Structures are given as C-alpha cells and as structure tokens.
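First up is the structure itself, then whatever we jot down about it.
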Amino acid sequence: MKFAVRFCLSLAMAARALDAAALPAAVPASPEAPASASAAAVAVNGNANANANANANANANANASATTIHVPFSALGAWQPLQLRGLEDARSVALGVRLDRVVTGARLRLRYTYSPALLFPLSHVKVSINNEVIATVPFDKEHAGSVVTQDIPLDPRLFTDYNQFGLRFIGHYTLDHCEDPANTALWADVSPASEFILDTAPIKLPNDLALLPAPFFDARDVNRLTLPFVLPASPDTATLKSAGVLASWFGSLADYRQARFPALGALPANEHAVVIGTRDRLPAGLDLPRIDGPTILVADNPGSADRKLLIVTGRNATEVDQAVYALVLGRTAMSGASAKVERVDIGKPREPYDAPRWMPTNRPVSFKELVSDTSQLQVSGSAPDAIRLNLRVPADLFSWNSAGVPLNLKYRYTAPTVQNNSALAVDINDQLVKSFRLPVAKADDSEGRIQLPLLSGANSGAANALDIPAFRVGSSNQLQLRFNLDSQKTGLCAGVPTNPARAAVDPDSTIDFSGFVHYAQMPNLAYFANSGFPFTRYADLSQTAIVIPDRPAPSELEAMLTMLGHMGQWTGFPSLRVTIARPGDVPALAQKDLLVIGGAPSSPVFARWRDALPLSIGNPAAQKDGLARAAFSIQEQWRDGKRVTHGGASLDQSGPLAALMGFQSPGAEGRSVIALAATDHGRLGDLLDVLERSERITQVQGDVSLVRRGGVDSMRVGESYVVGYVPWYAKLWSHAVEHPVLLGLFGALSGLLLAVAAFAALQELASRRKGL
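In structure tokens form, the structure reads like this:
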C-alpha cells in the first residue's frame, strides 16, 4: 500500500523529478560560515499547500499540505565531524522516511572543509544512496581550507523506508606513484550541520493494527516522539494507570529519541493521538463498532483525514486494562482495523535488576549480547571509527574492595609485518583506560585481559583512578575500542597493500559485573535522572507508586505520562504493575517507593511531609506578587557537575521555579520519595525538559535540584540513608582500611598469635612422638 501510494505521488511529481534528475551532479560551491552543530532534532521549517496535480494525488490526500523538513547529520548520530583521511576513506549516515510520508523532492546540503594541499583535478567526494553513486563533489583551490556549503539535488524516487547515504573521499596530493596513504595532507571533514532537506507529502494509511506501533511511533523518524493522550474529563485512577502503562510502552519504543505525552480533553485537530477510557467516556464524534469487551482499534481522526487515532477501550476499567496489556505484550499478532481481547496473561512479576535494557550483573556478558549484529564488532581502514558497546548497568553497583570490571578481550587484526605504531585503545565514555601496541604477525590471534576501573561509593576511601561521571551514577555508559592500524610502508616508493587493513573484536569477549554488590547512599537525584533508580530496580515498577493530585491539571497528567515514558526508556519494558495513587492513599503505600507529581505548593502530600522535605516551597498565603518563596539550608552544592560549597548556609529564593527533590519516605526505612514540584504546575515542563537534555542531566545531583531558565542548581540539604546490602566482611574491611595503623598492629598481633599457636601445636606433636 505504502509503495503504491508513493508511486502515484511520484507520477504526479514526474516533471519535478525529471527536472531534478537532469540537474548537474553538483552545483557550484560557495563558502559559508559553519552552521550550529547543536541541532540534534528534526526541525520543521514550514508548511505550504500541495501544488501537485489533483487527479494524480487523489489516492493519497487531495487536501493535505506538503511539508519541508530539515534533518541535520547531528540528528542521525553524527554528532562530531565526519573525518575522511588517506587516499580513500568512507563514512555513512542512515536516514529513514516515515511510513505516513512520501518524499516528493529532496536535496543534500553538504557543509565540508578540505585540505589545501590536495591535487584538485584528481581529488573529490563520491555521494551515494543505498550503494548507488548519485553525485560527485569536486574540490577546487579557491575554496580549499574554508567551510564550503553545496546543495546536491536528490532524486526522490531513490528513497525507501531506510536509506544509507555514503560519502567516499578520494584524495591525492601528487601525480607520481609514491603517495603515502598516511600523509597528513589527505583529509576532508564533513560538518554535523550538513543536512537533508526533504519535501514530503502525507500518505493516508489503512486502518490496520498490523502497522503498529506506526504511525503513532515510527522507528524511521529520529525526531522526539510527541504523542497526545486523549483522556476523559477528571480521569479516575484506573484510567490513568492504563494510560501510564501505554505511555511506558511508547517510551520504551522511542528510546534515545525521548518522548512527551501531552494530556488532552478533546481530539486534536491535526495529530496522531491515543484515546483511552471506557466506552461510555470516549470523546463524541467517533464512528466506532459495538464495544462488547476489551477492544483495540485504529480509526481516522475526524479532524484530519490523514491522521489516525489509537483507541483502547472496554466496558469497564478491568477491560481497558486487559486491552492495554494485550497491546503492549501481543501486538505482533494483531491485524485489521480492530481486535477484541479474549484473554491476556501479563506473566510473573519481574525480579530485581532484570530490566531487558540493563546488562546482567550476575554473570559475565559476551559482546554478542550487546550488539544487534556481530558485524558491528568489525572495522576496516587505517584509522577506523571506534567499535562502540553501550553498557547500561544498575545505578547502585558498589565496589567494596576497589576492584575493577574484568574485561576478557579477544581481538583479531591485519597484523603488520614489522613493528610499527599500530595500537588498540580502550576507552570508557571517551576516557582512556588503556592503550597498547599491536604486535607483528604471528600464528595465533592476540588476546588481552584488562581491568576497567570503577568508581566506588563516596565514603569507601578508594582512589578515583578514572573519573567517569556515568559510572558514578551507574547508568548509560559506552565502551569504545579504537584500532589504529599504522601504514606498513617502509620507504618513500615502497608498495602498500591494496586491501584495507581490518580489525575485529571476537563476539565471545566478555565483561563481568558480577563481583559487585548493590548498595547506594541515598538520596541521589543523579541516580534518578540517569536511570530512574530506585523505581526501575523492578522493570515492571511493581514496587513503585505514582502520587498525583486529586484534581490534576493537564500539565501534571503530562508529567505523569512522560515520566512513565522515561521509565520504559530506561528499562525497555512497560510498567505493567505500577500503582497510581492519590494523596489520601499515601499512608497505605509504606512498602513502595513513591514518585510524587505535584505542581502546587499547597499539595496535601507535601503538607503531610513538611518536616521531611529538603525544600520548603511557600504556600499561597506566603506568596508575594504572585511569586512563591522557597527556603532551605545547604550542606553541599554543585554547579556544572562540580562541588562548589559545603557547610552551613541558608537561602531564600523567590520567583517561579521548579524543583526535583529526593528524601527517605517518613516511617518507611529504606524507601525513597522523589518529588516533582513547582511554584506553579505549569513549570513542571521545565523538569521534563531537563531530563531530555544530556548536558542538563549531568547537573542533577544531591537531594534538591532547582530548575530555572538560567540552568540547574543542585545541592544536598537533608540527611542521607542507605539502600541495598553489603556483606559483613566487606563492612569490616571498609572500616579497617580507614585506620591503616590499627590494621597493621592487628596484622602483627594476628601473626604473633598464629606463630604461638603453631609453636604450641608442634610442641604437642613432638611430645606425642616421644611418648610412642
């Protein structure tokens, strides 16, 4: 269906496509100041009415508007410049096209810089799409060494759902045959601000559950997922739980893209949306079949012919729950416009630390478990990009004896015939762990065993051999293996191999976190901001309750749904067993960790815990000129991820602000409370913004983080507490290493006693022999 509609639109745009195909492969280059490389999301430039032939476009959507989108390389994973080196080098980026859109026109805006020392008649870059060369970009002396911007027309008929764009650099610096492939004159850099500019038109998709999760979430789209949830007026707790489970599933699918779920009371005019609730509380205007059980439907949005509604409903709250569970667990078996759920089983409760997106910590983990395709463990070329392995581990891993993470690394490479500068560097989060030279060719593959340093708890007294903030919070980390295969050229005109050097890491290489215990000093908002700990300790959130006001505002509902989306992102599993509670339910939740969503300073939950709160936000009676006042004392403070103050201080902060707070649940030892609070519930969006920006997340620490337009200020205000368990011998050793003199005296005394006992035993043995 999708390809047929695209073909129809391509016919409608035939004249335009043929004109684009007839254009020269490259347009004249022009220097331009480099654009900002910080744009990491797809930016919608504007909308214009479709100008295609109405008859040819009737099958798609005659009234739909065309859209121009800009997709920078930085949004496609190329955050750093693409560095092309040597006589021939290649890099690529992947670009997807949404299932509900068709490309009607496209161009590649390439921003690049190249060496002034190149031989320009022979040096160039080849541009390909899906391994088919579509253009060449020649170099000239006039613009060498400066930033050049060049628009390359792309034939829209070449686009598929997933597209691989390649850039192959061909460089020469002399006409003779004595070129050195490692010569520093052979370089070109492509800016991450390079972008694809796509003219797209909508496709009217069929109402088919087999397409799920598209078009509500489309893996081809690198943009942040923004999916409205249409809820009944004053939704009850059961409806909110169903919506939360569904939001966590979409958050899991969105993963690195992030997700936001605005809460609406009516159908949106021009968006895909999720409608959830019992059949008697669904919005008016929906043309639905008879609902006589748990039902999942895909229907047209009455406000826009090319937008869809995902409707999850039933006759009562239990049936709505069943429909949600069936959708998040069994959607692969669905097809057609609607499905009625006969039976659903959500399985056994999850065990601690078994989130699908986390590495197992009870056994060694092989590298083949960390990649989707073992080809990702192979590279080629003299200076290839690093082999990258994402390591998600629980935030509360604790190394009581200062041990490192055992890494059993096996690798193969094109070995040099003579000793040179070929090397393998092992980095963790771009911080060097170890680098060692690769030996010359021999019969057996090389094998190395090294230790990755791991930061211990703050009070363990261990030296920080490697300062890696991500390991301190124990969440998303990246292991990088960088091969540098040096040229084997031994003389100016000596020959070099025509085949590029290759290297590979064995999929059976392992990394092992099983030697660590689960122990953490709380509260620590860094744990929460990076991995959702302690809530994500159970992937199904069976030990978590989310507390929302009795009459939540739309922004508070959005905060609740979005936070559950984050939980799904962190764990890779829907929050099937989360509890949604109201302030009056809190006394019965003593055995759960609590996530409190409350935008008003007069929240009854905060009033109940006023003595335990690390931050006191003034009540409405204390407000002045519409601004609330926050008061607290500081024990430690962080700015830009560094501790800047400690000791006693007091601070009164007036003005609109949002705060993230953590503290131990009063009356429930070891249970945690994380609260999202603000002087006005509209400010909760500021907290959600922080959790989507990596540079802001690193600033979230301690037990209070204040979020204002100027940034994030974190501090430790209240008392700490401990969650987890450390073996008795570990506690004994930890206390002993804090007193080395006493430890030495104890060792000497123990040795003396052992010697006396051994002497006495030998004397006894000698006496017995004499008696015989």
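Here the sequence shown stands for residues -17 to -1, 1 to 755, numbered as in mature numbering (1 follows the signal peptide of the UniProt record, and there is no 0).
Think of the CB as a built atom: it goes at the ideal place given N, C-alpha and C, for glycine as much as any other residue.
These numbers come from a predicted model, not from an experiment.
Quiz item: If we ignore side chains and look at the alpha-carbon of each, how far apart do D489 and Q682 end up?
Solution: 37 Å
Self-check item: Through-space distance from R68 to A165, alpha-carbon basis
Solution: 8 Å
Exercise. Output yes or no for whether 8 Å exceeds the beta carbon distance between V311 and P557.
Key: yes
Practice problem: Provide the residue(s) that pair with N299 in DSSP beta bridges, ordered along the chain. | Solution: Note: N299 sits in no beta bridge, so no partner.
Quiz item: Grouping DSSP H, G and I as helix and E and B as strand, with all else coil, what is R465?
Solution: strand
Quiz item: In the structure shown, what three-state DSSP assignment does K351 receive?
Solution: helix
Quiz item: What is the DSSP secondary structure of residue 756, reduced to helix, strand or coil?
Solution: Residue 756 lies beyond the residue range present for the chain, which begins at -17 and ends at 755; the question has no answer from this structure.
Quiz prompt | Own chain partners of G701 with C-beta closer than 6 Å, once the 5 adjacent residues on each side are dropped | solution = P597, F646 and D686
Quiz item: Is the CB-CB distance between P389 and D495 below 8 Å?
Solution: yes
Quiz item: Rounded to the nearest angstrom, how far is the Cβ of T87 from that of P139, given a contact under 8 Å?
Solution: 6 Å
Exercise. Give the DSSP-derived three-state secondary structure of R666 in the structure shown.
Key: helix
Quiz item: Is W592 helix, strand or coil when you go by DSSP?
Solution: coil
Practice problem: Give the straight-line distance between the Cα atoms of L169 and S98, rounded to the nearest whole angstrom. | Solution: 7 Å
Quiz item: What first and last residue would you give for the beta strand (DSSP E) that runs through Q414?
Solution: Q414 to R420
Quiz prompt | At least 3 beta-carbon pairs within less than 8 Å: the region 146 to 154 vs the region 99 to 116 | solution = yes
Quiz item: How would you write the range of the beta strand (DSSP E) that S111 sits in, first residue to last?
Solution: H107 to I112
Quiz item: From this set, L407, V257 and V348, which residue's C-alpha is nearest T365's C-alpha?
Solution: Inspection of the sequence shows that residue 365 is occupied by Ser rather than by Thr. The shortest C-alpha separation from S365 is found at L407.
Quiz item: Are the Cβ atoms of V281 and D191 separated by less than 8 Å?
Solution: yes
Quiz prompt | Anticipated Cβ contact below 8 Å, S497 with N391, distance rounded | solution = Not a contact, Cβ separation roughly 13 Å.
Quiz prompt | Reduced DSSP category for A256 - H, G, I as helix; E, B as strand; rest coil | solution = strand
Practice problem: Could you have a look at N42 and say whether DSSP puts it in helix, strand or coil? | Solution: In this prediction, N42 has a pLDDT of 40, which is less than 50 and means its spatial position is unreliable; nothing more can be read from the coordinates.
Self-check item: Uninterrupted beta strand (DSSP E) stretches inside the region 533 to 580 (no shorter than 3 residues)
Solution: 562 to 564
Practice problem: Just grab the DSSP bridge partners of A165 for me. | Solution: A165 is not bridged to any residue.
Exercise. Going by CA-CA distance only, name the one from Y308, L188, N507 and N345 that's closest to A288.
Key: L188
Quiz item: Distance, Cα to Cα, A256 vs F212?
Solution: 6 Å
Quiz prompt | Length of the line joining the Cα atoms of R485 and V362 | solution = 6 Å
Self-check item: Whole-Å CB distance - R654 paired with K575, under 8 Å assumed
Solution: 7 Å
Quiz item: What residue range is occupied by the uninterrupted beta strand (DSSP E) comprising A509?
Solution: From DSSP, A509 is part of no beta strand (DSSP E) but of the alpha helix (DSSP H) over L508 to S514.
Exercise. Determine whether the Cβ of P266 lies closer than 8 Å to any Cβ atom of chain B.
Key: Judged by its chain identifiers, the structure shown contains no chain B, having just a single protein chain.
Exercise. Using alpha carbons as the reference points, say which of S349, D304 and T278 lies closest to S318.
Key: T278
Quiz item: Roughly how many angstroms separate the alpha carbons of D568 and R534, rounded to a whole number?
Solution: 14 Å
Quiz item: Which residue comes first and which comes last in the beta strand (DSSP E) that contains S321?
Solution: S321 to K323
Quiz item: Leaving out the 5 sequence neighbours to the left and right, which residues in its chain are closer than 6 Å to G665 when beta-carbon positions are compared?
Solution: S538
Quiz item: By DSSP, does residue 756 sit in helix, in strand, or in coil?
Solution: Here the chain has residues from -17 to 755 only, and residue 756 is not among them.
Practice problem: State the Cα-Cα distance for the pair P343 and L101, rounded to the nearest angstrom. | Solution: 50 Å
Quiz item: Under the three-state reduction of DSSP, which class applies to Q66: helix, strand or coil?
Solution: strand
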